[in-house]
Amino acid sequence: MVRTRRIWVTAAAVLALAGGVSGTTAHAQQAPAAATSDGRKLPPGWHIDRERQAPQLVWRSGRRVPMGDARVEFRADGRLLGVPKPERDGHTFRLGLGGAQAGALENLQVWSGGRRLDTRPGAAPSGQAAAVRPPAPLPANPVDPGKPGRYRTKTGSYRLRPVRLPGFSVPVEMQAVVVAPTGVSGARPLALFLHGRHATCYAPHGGSDDASGAWPCPTGTLPVPSHRGYLRDQQLLASQGYVTVSISANGINGQDWQAEDGGAQARSSLIRLHLAHWADWARDPRHAPPVVREAPRADLSRVLLIGHSRGGEGVNRAALDSLYPPPADQDGYHGKVRWHISGTVLIGPTVFGQNPVPDVPSLTILPGCDGDVSDLQGEVYVDGTRAVSKGKALHSAVYVIGADHNFFNTEWTPGQAQAPAEDDFFDDPDHPDPVCSPGTATRLTAGQQHRAGSAYIAAAARLFVAGDDKVRPLLDGSGRRAPSADPARVLSHAVGANRGAGFLPDAKVTVTGGRLCSAVDPDPAVACLGEGATGASPHFAQWETGREAGRHAIALHWTSAGSPARIRVARPVSLTSAEALALRVFVPPNSRGTGLDVSVTDSHGRRAVLGRVRADGLPGSDRTASYWARELRVPLTAARRAGLDLRSVTSLELTPRSGSGQAWLMDAWGWRPGTPAVRAAGLPRVDVGRLTVDEGDSGVRTYHVPVRVSGRGSGQVRVYVVDPATGTAKDRLVTVRPGGHGIDVPVQVRGNTRYSADVPYDVLVKAVHGAVVGSYRGGLTVHNDDPAPTVTVTPLADRVTEGSALKWRISLSAAADTDIGALFLPVPPGGGGTELSTKDVDPAWLADVSGAEPDPERPLSRVDGLYLWLDVPAGKTSLDVTVPTVRDQVAESDESVTFQQTDDGGNPLPGGLALTGTVLDGS
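Per my numbering, the sequence shown starts with residue 4, numbered consecutively.
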């Protein structure tokens, strides 16, 4: 429904419940009494819809919100309220109000991928209008994987019978485009691409407003061919000898709003269903589609998965599920695993669960001008693997300066796509961004961006699948570039591989001269960036809780050179096998020349200065996530020369050599070149389910949140239990093992016969050490099983002389445990009588309920934005509603007013509730 910005008003001004004729059933809202009793108003664009089976908090955007990969989130006072359902109009988002919303709906905000949606981009000038320079090109790597190979390629497609996936009511397509090399003998490795969440359907002759997320596509529209957007990448890999397939997932995109994990498990199922067919076809090609029969046989022992955006989270889950099977009732694939995932490539990925698979090598591509997943949360696929398992898998992130989210897919790129497409980085001509607006020195064109993406996808294939260590310097922070990606500036860092013991802020460390800070904390004094930061950091991307335990960095702030920061570990680390110490450090965006001397001390007190590193900030603005760590290395030669016992290093020291500044240390590792073989550890896997129970009429029952632990061994996870009353979470570290009962979350449910909203008790789980997590989110939902009270309206003064107030009493058949309310608007009176006008009512009342002025005089039904929000607070059974009128000196006939209940579109509801009254002339 379209609503005005003045929905909440004081009871004295008339607003307080959905009135109606006798016998009409009202609907409920789990909103705080404070929001109704003290007259606070919801912000512009917000309202609460009572017309549904359960109440919904609704936000309507003034401009269309394109269907994207980052999920839209409603937040209040910084806490997550939930993920709303998008309407097909592209403007409206709805969130069911349950017990978790019992706190005041204050400071409502809409976020998506770390970006506010309910404020106009560029409304506040950044103060950084000066041009930003890109960094100097890195030295060229001797081997360039972006060069085409020697094979010709052939392209074709296949379409199989659609499949049903758990939790989705409509079958999902099994469709793909294949690009394969020709003239090749023997089996070839397989590269599978999965696109992200984009519009599913479009009108061939329509515009962007005609694109939708419907599935199946309505008559007159066509499916958006998102899976054909990686043909250039497929052709490059095929020319190098890979069989490639890009699969379609429109059926998931059109339904994943209802999946608690955003569709990650469904995408994993779809990937593995395709892989199972490829395994069948490799064994017996006679039953394969023609394009597969004509291609080289696929070698399923060498598989690379490439996923874009939500497709990135999907391929991460598919790699996890291939090693550690998911619960059968949650999975759409139930066969054997007949393939081996050698690595993954994640392009601008989402990571809602923040549980990357630790023992499969990965490359994460972070687009510096991403306007969709703009917090660059995909960095968690690197940071989140630290200390979880053996640490032998290389996890790399490459930051592509000037790249947006969409242009890695040609079907999402204007001028190349069949369907309407756009640059996802919103450019405000009145406030151009110095880094990402088109035409700036740092912004890439679509062609430049796609070439860079192709080169680094090929680099991952060559390293993870072919085992060619010569391309590793492009990915592991060694500071080399692929000339085929020019002029793009691509920077890298990594964890894992041949990095050994090191200094990890998440472990037990003591910091002096600096600050051990929290990645996610509402307290600016505790948070790593705190107040005053320009932009955001991918390392500190927020999860579902307002405060997180176990995610830290070390913040340095100095006002003069020579003030060291010391990091001391609880247990000495060994650097004996390392050639250098690799530090991941970032400094403020656009800063240059921060110098830091690096020293280490052993357990005998011997200290050595290893050398000096220089840190430069990335190009950034208040709209980019540019607080991103560069990898800086210093050789350990000086430590060996000084006779340090590298078997027992106890502290690391960073001494600033610039006059003043800031820096953040993410971690430091002993490093040596090479890429070791990776073998996945046998780990326990945790999956949280959701149980829905009826409240009952009496008594107290105890239920337990369903948690499944499978696999082998034992490990540690962190469990967050969200309080449904406050939305805050308490956490604890839990040891889990198959068959154990480490995660036990009991919930007491007290039955009664009063109507209320459903109450969710949410549980979140994140891997810490020696474990993996699949379904990270679940809990218990207490379903209200009591009927809503009926509403009656008793006129107290529905025929008055001007200057008096019209008055009605709203009564409930029984008190409820939640507010009961509805929305009304004035309509022309029946029978053609004279309608009450803007000069017949108290001007203060008119301004309060609509923001309108009395002049020019007009009937109330023609006042734009005049709605009455009527609400009976929880525990109450009645409310008096008044409309104050004013006396004038004009002789006139009787005037009347009717306030009619509205439907979902903000229009009068036929047969709905109504408040009617007549005002007599007093002159």
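Cβ coordinates follow ideal geometry from the N, Cα and C atoms, glycine included.
These numbers come from a predicted model, not from an experiment.
Does DSSP put ASP648 in a helix, in a strand, or in coil? Residue state, collapsed to three classes: coil.
For GLY3, three-class secondary structure by DSSP: No information on residue 3 is available, as it lies outside the stretch 4 to 926 that the chain covers here.
Going along the chain, which residues of its own chain have a beta-carbon closer than 8 Å to the beta-carbon of PRO128, five neighbours each way excluded? Note that PRO128 has pLDDT 42, beneath the 50 cutoff, so the model's placement of it is unreliable and no number is given.
Among ARG136, ALA819 and GLU90, which has the Cα closest to the Cα of GLY442? Restricting attention to ARG136, ALA819 and GLU90, the CA atom closest to the CA of GLY442 is found in ARG136.
So the beta strand (DSSP E) TRP342 belongs to, where does it begin and stop? Element bounds for TRP342: n/a, residue is neither H nor E.
Which word fits VAL922, buried or exposed, when buried means at least 16 other C-beta atoms lie within 10 angstroms of its C-beta? A buried status is given to VAL922, since no fewer than 16 other beta-carbon atoms sit within 10 Å of its beta-carbon.
Short Cβ contact (7 Å threshold) for THR729 with ALA818: Not in contact: THR729 and ALA818 (Cβ atoms no closer than 7 Å).
Under the three-state DSSP convention, the category GLU316 falls into: In the structure shown, GLU316 sits in a helix (DSSP, three-state: H, G or I).
Going residue by residue through the region 771-836, where are the continuous beta strand (DSSP E) segments of at least 3 residues, counting only ones entirely within it? Annotation: the region 771-836 contains the following complete segments of the beta strand (DSSP E) (minimum length 3 residues), in chain order: 780-786, 793-800, 802-804, 808-815 and 822-830.
Less than 6 Å between C-beta atoms, sequence neighbours within five positions excluded: which residues of the same chain meet that for SER481? Exclusion of the five residues before and after SER481 leaves no residue of its chain whose Cβ lies closer than 6 Å to its Cβ.
Does DSSP put LEU923 in a helix, a strand or coil? Of the three classes helix, strand and coil, the one that applies to LEU923 here is strand, per DSSP.
Extent of the continuous beta strand (DSSP E) run through GLY310: Under the DSSP assignment, GLY310 falls in the beta strand (DSSP E) whose first and last residues are 301-311.
Under three-state DSSP, which class holds THR562? Looking at THR562 - three-state DSSP - the assignment turns out to be coil, as it is neither helix nor strand.
Using only CA atoms, which one of VAL884, ALA641, ILE404 and THR388 lies nearest to ASN358? With respect to the C-alpha of ASN358, the residue from VAL884, ALA641, ILE404 and THR388 having the closest C-alpha is THR388.
Tell me whether the beta-carbon of GLY673 lies closer than 7 Å to the beta-carbon of ALA581. Closer than 7 Å, so yes.
Taking its Cβ as the centre, do 16 or more other Cβ atoms sit within 10 Å of THR597, making it buried, or is it exposed? Taking every protein chain shown into account, the CB of THR597 has 16 or more other CB atoms within 10 angstroms, so this residue is buried.
According to DSSP, is GLN421 helix, strand or coil? DSSP places GLN421 in the coil class of the three-state scheme, outside both helix and strand.
Would you mind sorting SER188 into buried or exposed? The rule is 16 or more other CB atoms within 10 Å of its CB. When all chains shown are included, SER188 counts as exposed.
Buried or exposed (CB count within 10 angstroms, at least 16 for buried), ASN319: It counts as buried.
Can you check whether the CB of ARG91 is closer than 7 Å to the CB of GLY265? Their beta carbons are not under 7 Å apart, which means GLY265 does not touch ARG91 by this criterion.
Three-way DSSP call (helix, strand, coil) for PRO486 in this model: Looking at PRO486 - three-state DSSP - the assignment turns out to be helix.
Label LEU736 either buried or exposed according to how many other C-beta atoms from any shown protein chain fall within 10 Å of its C-beta, with 16 as the threshold for buried. With fewer than 16 other beta carbons inside 10 angstroms of its own, LEU736 counts as exposed.
Run through the DSSP bridge pairs and tell me what HIS555 is partnered with. Residue pairing by DSSP places HIS555 opposite SER521 in a beta bridge.
Those residues which DSSP pairs with ALA530 across a bridge: BP columns for ALA530 point to SER521.
So does the region 782-799 actually touch the region 807-815, counting three or more Cβ pairs closer than 8 Å? Touching, yes, given that three or more Cβ pairs across the two stretches are closer than 8 Å.
For the candidate residues LEU873, THR841, ALA444 and SER229, whose alpha-carbon lies nearest to that of GLU860? Taking only the C-alpha atoms, the option nearest GLU860 is THR841.
Going by C-alpha distance, which of ASN144, LYS769, LEU366 and THR247 is nearest PRO949? Outside the shown range of the chain, which is 4 to 926, sits residue 949, and nothing can be said about it.
Around the C-beta of GLN32, are 16 or more other C-beta atoms found within 10 angstroms, so that it is buried, or is it exposed? Its pLDDT being 34, under 50, GLN32 is placed unreliably in this model, and the value from its coordinates should be taken loosely. Residue burial is scored here from C-beta neighbours: GLN32 has at least 16 other C-beta atoms within 10 angstroms and is therefore classed as buried.
Give the DSSP-derived three-state secondary structure of LEU873 in the structure shown. The three-state secondary structure of LEU873, taken from DSSP, is strand.
So with Cβ pairs under 7 Å, would you call GLY646 a contact of chain B? The displayed structure is made up of one protein chain only, and chain B is not part of it.
For ALA464, which of LEU478, HIS453, GLN451 and CYS520 has the nearest alpha-carbon? Minimum Cα distance to ALA464 is reached at LEU478.
Whole angstroms is fine: what's the gap from HIS30's alpha carbon to VAL360's? Confidence at HIS30 is low in this model, with a pLDDT of 34, below 50, so the placement of that residue should be treated as unreliable; the coordinate-derived value is given next. Taking the straight line joining both Cα atoms gives about 44 Å.
ILE255 beta carbon less than 7 Å from that of ALA269: Remark: C-beta atoms of ALA269 and ILE255 approach each other more closely than 7 Å.
In its own chain, which residues sit with a C-beta less than 6 Å from the C-beta of PRO638, not counting the 5 before and 5 after it? Closer than 6 Å at the Cβ level, and outside the excluded window around PRO638, lie ALA583.
Do PRO622 and THR445 come within 7 Å of each other at the CB atom, strictly closer than that value? Their beta carbons are under 7 Å apart, which means THR445 touches PRO622 by this criterion.
Should LEU918 go down as buried or exposed, given a rule of 16 or more other Cβ atoms within 10 Å for buried? LEU918 is buried by the Cβ-count criterion.
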